[in-house]
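Per the numbering used here, residue 1 is the first one in the sequence shown, and the count goes up by one each step.
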Amino acid sequence: TDMENLLIFKDSLENPANLRNWNASIRPCNGDQANWMGVICVGNKIWGLQLENMGLGGMVNLEILNEMPTLRIINLMNNNFEGRIPEMKKLGELKALYLSNNHFTGDIPDNAFQGSRSLKNLFLANNGLSGEIPSSLAALPNLVVLKLEGNQFVGRIPDFKQSVKVANFANNELEGPIPASLSSMSASIFTDNKNLCGPPLEIKCSVTSPPPPTPPPTAATASLPSPQVSPVYKRATSALEIALILTSILLLLALIAAIIFILCKRKQKRGESKEWDGDDSYRLSAASVDQDKNKFSECGSMVKRNVDYGKLVFLKGEADRFDLQDLLKASAEVLGSGNFGASYKAVIMSGEAVVVKRYKQMNSVGREDFHGHMRRLGRLNHENLLPLEAYYYRREEKLLVCRFMEDGSLASHLHGNHSSDKPSLDWRTRLKIVKGIGRGLAYLYNELPSLVVPHGHLKSSNVLLNENFEALLCDYALRPVMNQEQAHMHMTAYKSPEHAINGRINRKTDVWCLGILILEILTGKFPENYLKPSYDSYTNLATWVNEMVKQKRTSELFDTEMLGTKNSKGGMINLLKIGLSCCEDDPETRPELKEVVREIEELKDRDEREFSSTLGEVNAAIFGRKARGGSFSSFNL
Ligand SMILES: Nc1ncnc2c1ncn2[C@@H]1O[C@H](COP(=O)(O)OP(=O)(O)OP(=O)(O)O)[C@@H](O)[C@H]1O
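Dropping the structure here:
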């Protein structure tokens, strides 16, 4: 059984301390819930192994995994596994094999991947693999991502017939012409090899003579440590060049000293006045904050005793309704400590309730650019956006203020406890919310065309609801001012497959977030539960939905707490298809946001079509679309 196989696998490990709960007394899966660490379950079947970064090692018995035909993902990255890569050809349905950053060695048999017809992602980077790249890889029909960098592969790169989207062959000992199918890729993925030639490299291949040696690096790459930098080139660094470098360093030091001097002078001029020299057009002046008086205790910690600080900057052109002191005096309630800092509900003297969000990691732009961006956000005006009312700037910390929404977030409605006061959202309301989200997003795309991800952090806790269940997006367009590292770690956009695979986000990334949100709204499942600690593109809510559809369990997908679904299944299925199309791994096959919003607008809450008649079609649509190239229009029933 799978359980026995996994126990054999565990026994072969040197240090399985992290797999303590793998024992015969508990079943690995309980439905979709995993009882065993690192096991992904779908319907009591072991669907994946997510054992990244677990300190596992040794010459493990990977062959045993071949006996588990339900496996779709094997992720053993960042461990200390040794030995040879097993032949995985028995696992015809395996979609992703992640073995990068281990100590696997030896040749891979040429036919090792014969029959791995579903394999999409293969990560073998940074091991000690040698021999030729197996030609069976080049014939895999669905391969999309191939990472082979940092090994000792020799010989030629086989001619990949399929359309591999992301690949890396760098840092091996490969030689010969780069196959035409890979010639449009970036040259950087072929760097540091023995003797590769042909496009995209600028080295021409010669048929008669051996390929020319690697040329000396260009100025742009000269400073990078590279084993390919020729010793001749190194010697060519003349005394004159060294002298030039030294002179530049001296000039730079002089410049820094001058800047420090000017800054000190300026500070002296300001004297003891701690007035914040903000943007005059916003009449920013200092306001003394007496911390002892504040009841806003948590937030009070943001200010130091007896220091003057700037005022809140109001963005809506109205007279300042309250100031920082009012906020500090207000009774405050912690709404949550989000990923970027805590959020508070503060009720000020007038009885008005506002939300104050503290951000400590919002320093990616200087003061002027920050003000500029806030003003830009302040100009936005749409019924599906929660307006940013005011902000407060300090280098170490920013506060963003908006209206408190009594009716809470979409997340609390979907995942909170329901009562007669707060019943579960019915289908009609869910569709209305989706339409509102779509309109809000489309507006952001129109108004902020220069942003790669106009929202960037779309998720159900950032969709608030008013008393009529209209959706209002919040926390939008903050990416440009957020610290890179924080953004990468916490913003929803950075959980997209494109970011997981090649570290990039793009204009379709918000579409992916919208897709996941639609699936969350329909299934009632919380997407974070489907993101494993070591996120990869194959473990998200969409993967689970796709799997359920494949198993013909579509009727089980929908949130059982969703009321008012009678005579509406056609619309629900159509929305499910739209959601799944937004979650295509490959951004190019995802529809444009405009197109998605148009499709959503066309949905009706009453769709008389019979559920059963659409079920077969959704299966066909989901599994046929890849073969048809993923066109959105292929979803039309
Ligand atoms: N204006 C608002 N009115 C009512 N509730 C709000 C408002 N803004 C945020 N909330 C709720 O307050 C809670 C905390 O929000 P916060 O933005 O700090 O964190 P988050 O959305 O959970 O995560 P993240 O930090 O990633 O944005 C969330 O449940 C959110 O839905």
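From the three backbone atoms N, C-alpha and C, an ideal C-beta is built for every residue, glycine too.
Keep in mind the model is a prediction, meaning the values are calculated, not measured.
**OP:** Taking 8 Å as the threshold, find out whether the stretch 367-378 comes into contact with the stretch 483-492 through three or more Cβ pairs.
**Re:** Segments in contact, no.
**OP:** Please determine if the stretch 45-56 and the stretch 66-73 are in contact, where contact requires at least 3 C-beta pairs separated by less than 8 Å.
**Re:** Touching, per the Cβ criterion.
**OP:** Could you check what DSSP says for residue 104 in three-state terms: helix, strand or coil?
**Re:** Your numbering for residue 104 matches position 104 in the sequence shown. Residue 104: strand per DSSP, three-state reduction.
Original post:
What are the boundary residues of the beta strand (DSSP E) that residue 75 is part of?
Top reply: Position 75 of the sequence shown holds residue 75. Here the beta strand (DSSP E) through residue 75 covers 73-75.
Original post:
Taking the alpha-carbon positions, what's the residue 41 to residue 556 distance?
Top reply: Position 41 of the sequence shown holds residue 41. Position 556 of the sequence shown holds residue 556. C-alpha separation (whole angstroms): 16 Å.
**OP:** Look at the Cβ atom of residue 3, then the Cβ atom of residue 24, and state whether they are nearer than 8 Å.
**Re:** Along the sequence shown, read from residue 1 onward, the residue named residue 3 stands at position 3. Along the sequence shown, read from residue 1 onward, the residue named residue 24 stands at position 24. A contact, by the Cβ cut-off of 8 Å.
**OP:** Report whether the distance from the Cβ of residue 475 to the nearest heavy atom of ligand 1 is below 7 Å.
**Re:** As a working mapping, residue 475 is identified with position 475 in the sequence shown. Residue 475: yes, Cβ under 7 Å from ligand 1.
Original post:
Could you give the distance in angstroms between the alpha-carbon of residue 451 and the alpha-carbon of residue 154?
Top reply: In the sequence shown, the residue the question calls residue 451 occupies position 451. In the sequence shown, the residue the question calls residue 154 occupies position 154. Each residue's CA atom was taken as its position, placing residue 451 and residue 154 some 43 Å apart.
Original post:
Is the number of C-beta pairs between the stretch 103-122 and the stretch 144-159 that are closer than 8 Å three or more?
Top reply: Yes, they touch.
Original post:
Taking the DSSP output, what are the residues bridged to residue 444?
Top reply: Along the sequence shown, read from residue 1 onward, the residue named residue 444 stands at position 444. Note: residue 444 sits in no beta bridge, so no partner.
Original post:
What residue does the alpha helix (DSSP H) around residue 544 start on, and which one ends it?
Top reply: Within the sequence shown, the letter at position 544 stands for residue 544. Segment 541-550, the alpha helix (DSSP H) holding residue 544.
Original post:
Do residue 409 and ligand 1 come close, with the Cβ less than 7 Å from some heavy atom?
Top reply: Indexing the sequence shown from 1 puts residue 409 at position 409. Residue 409 has its CB nearer than 7 Å to a heavy atom of ligand 1.
Original post:
Can you give the Cα-Cα distance for residue 589 and residue 510, rounded to whole angstroms?
Top reply: Mapped onto the sequence shown, residue 589 falls at position 589. Mapped onto the sequence shown, residue 510 falls at position 510. Rounded to whole angstroms, residue 589 to residue 510 spans 14 Å at the Cα level.
**OP:** Return the first residue and the last residue of the beta strand (DSSP E) that residue 474 is part of.
**Re:** Counting from 1 along the sequence shown, the entry for residue 474 is found at position 474. Membership of residue 474 in any beta strand (DSSP E) is not indicated, and neither H nor E is assigned to it by DSSP.
Original post:
So, are the CB atoms of residue 541 and residue 463 less than 8 Å apart?
Top reply: As a working mapping, residue 541 is identified with position 541 in the sequence shown. As a working mapping, residue 463 is identified with position 463 in the sequence shown. Taking 8 Å as the Cβ cut-off, residue 541 and residue 463 do not qualify as a contacting pair.
Original post:
For residue 572, which residues of its own chain have a beta-carbon under 7 Å away from its beta-carbon, when the five flanking residues on both sides are left out?
Top reply: For the purposes of this step, residue 572 is identified with residue 572 of the sequence shown, where counting begins at 1. Excluding sequence neighbours, residue 572 sits near 427, 522, 558 and 565.
Original post:
When you compare only the Cα positions, how much space is there between residue 383 and residue 435?
Top reply: Here residue 383 refers to the residue found at position 383 of the sequence shown. Here residue 435 refers to the residue found at position 435 of the sequence shown. The straight-line gap from Cα to Cα measures roughly 12 Å.
Subject >> Alpha carbon of residue 359 to alpha carbon of residue 583, nearest angstrom >> reply: Here residue 359 corresponds to residue number 359 of the sequence shown, with the count starting at 1. Here residue 583 corresponds to residue number 583 of the sequence shown, with the count starting at 1. In a straight line, the C-alpha of residue 359 is about 30 Å away from that of residue 583.
**OP:** Verify the contact flag: residue 151, CB atom, against every heavy atom of ligand 1, threshold strictly below 7 Å.
**Re:** As a position in the sequence shown, residue 151 is number 151, starting the count at 1. No, since every heavy atom of ligand 1 falls outside the 7 Å radius drawn around the Cβ of residue 151.
**OP:** Pull up the CB-CB distance for residue 652 and residue 563, whole angstroms please, since I reckon it's below 8 Å.
**Re:** The structure shown does not extend to residue 652, since the chain is modelled only from 1 through 637, so no value can be given for it.
Original post:
Is residue 336 near ligand 1, going by C-beta to nearest heavy atom under 7 Å?
Top reply: Reading the sequence shown from its first residue, position 336 is the one you call residue 336. Placement of the Cβ of residue 336 at a distance of less than 7 Å from at least one heavy atom of ligand 1 is found.
Original post:
Hey, is residue 403 close to ligand 1, as in C-beta under 7 Å from one of its heavy atoms?
Top reply: Your numbering for residue 403 matches position 403 in the sequence shown. At least one heavy atom of ligand 1 sits closer than 7 Å to the Cβ of residue 403.
Subject >> Three-state secondary structure assigned by DSSP to residue 507 >> reply: The sequence position of residue 507 within the sequence shown is 507, counting from 1. Residue 507: coil per DSSP, three-state reduction.
Subject >> Close Cβ partners of residue 136 (< 7 Å) along its chain, the five nearest in sequence each way excluded >> reply: The count along the sequence shown starts at 1 and reaches residue 136 at position 136. Within the same chain, residue 136 has close Cβ partners 110, 111, 112, 113 and 114.
Subject >> Contact check, residue 314 vs residue 354, beta carbons under 8 Å >> reply: Here residue 314 refers to the residue found at position 314 of the sequence shown. Here residue 354 refers to the residue found at position 354 of the sequence shown. No, the pair does not count as a contact, with Cβ atoms beyond the cut-off.
Subject >> Ranges of the alpha helix (DSSP H) found wholly within the stretch 301-380, counting only runs of at least 4 >> reply: With a minimum length of 4 residues, the continuous alpha helix (DSSP H) runs that stay inside the stretch 301-380 are 324-329 and 367-379.
Subject >> Close Cβ partners of residue 401 (< 6 Å) along its chain, the five nearest in sequence each way excluded >> reply: In the sequence shown, residue 401 corresponds to position 401, counting from 1. 354, 356, 389 and 390, listed in sequence order.
**OP:** Ignore the nearest five residues each way along the sequence and tell me which others in residue 395's own chain have a CB closer than 8 Å to its CB.
**Re:** Taking the first residue of the sequence shown as 1, we reach residue 395 at position 395. Around residue 395: 363 and 367.
**OP:** Determine, using beta-carbon pairs with one atom in the stretch 414-422 and one in the stretch 466-483, whether at least three such pairs fall under 8 Å.
**Re:** Flag = no, the stretch 414-422 and the stretch 466-483 do not touch.
Subject >> Cβ shell of residue 98 (< 6 Å), same chain only, five flanking positions each side left out >> reply: In the sequence shown, residue 98 corresponds to position 98, counting from 1. Counting only Cβ-Cβ distances below 6 Å, and skipping sequence neighbours, we find 75, 77 and 123.
**OP:** Sort out for me which residues DSSP pairs residue 484 with in a bridge.
**Re:** As a working mapping, residue 484 is identified with position 484 in the sequence shown. None; residue 484 has no bridge partner.
Original post:
Could you give the distance in angstroms between the alpha-carbon of residue 138 and the alpha-carbon of residue 54?
Top reply: Within the sequence shown, the letter at position 138 stands for residue 138. Within the sequence shown, the letter at position 54 stands for residue 54. Their backbone Cα atoms lie some 31 Å apart in a straight line.
**OP:** List in chain order: all unbroken alpha helix (DSSP H) runs of 4+ residues lying wholly within the stretch 138-194.
**Re:** Taking only runs of at least 4 residues, no alpha helix (DSSP H) segment lies wholly in the stretch 138-194.
Subject >> residue 39 - partner residues in DSSP beta bridges >> reply: On the sequence shown, position 39 is the one that residue 39 refers to. According to DSSP, residue pairing for residue 39 in a beta bridge involves 49.
Original post:
Do residue 331 and ligand 1 come close, with the Cβ less than 7 Å from some heavy atom?
Top reply: Counting from one through the sequence shown, the residue named residue 331 turns up at place 331. Checking the Cβ of residue 331 against ligand 1 gives no.
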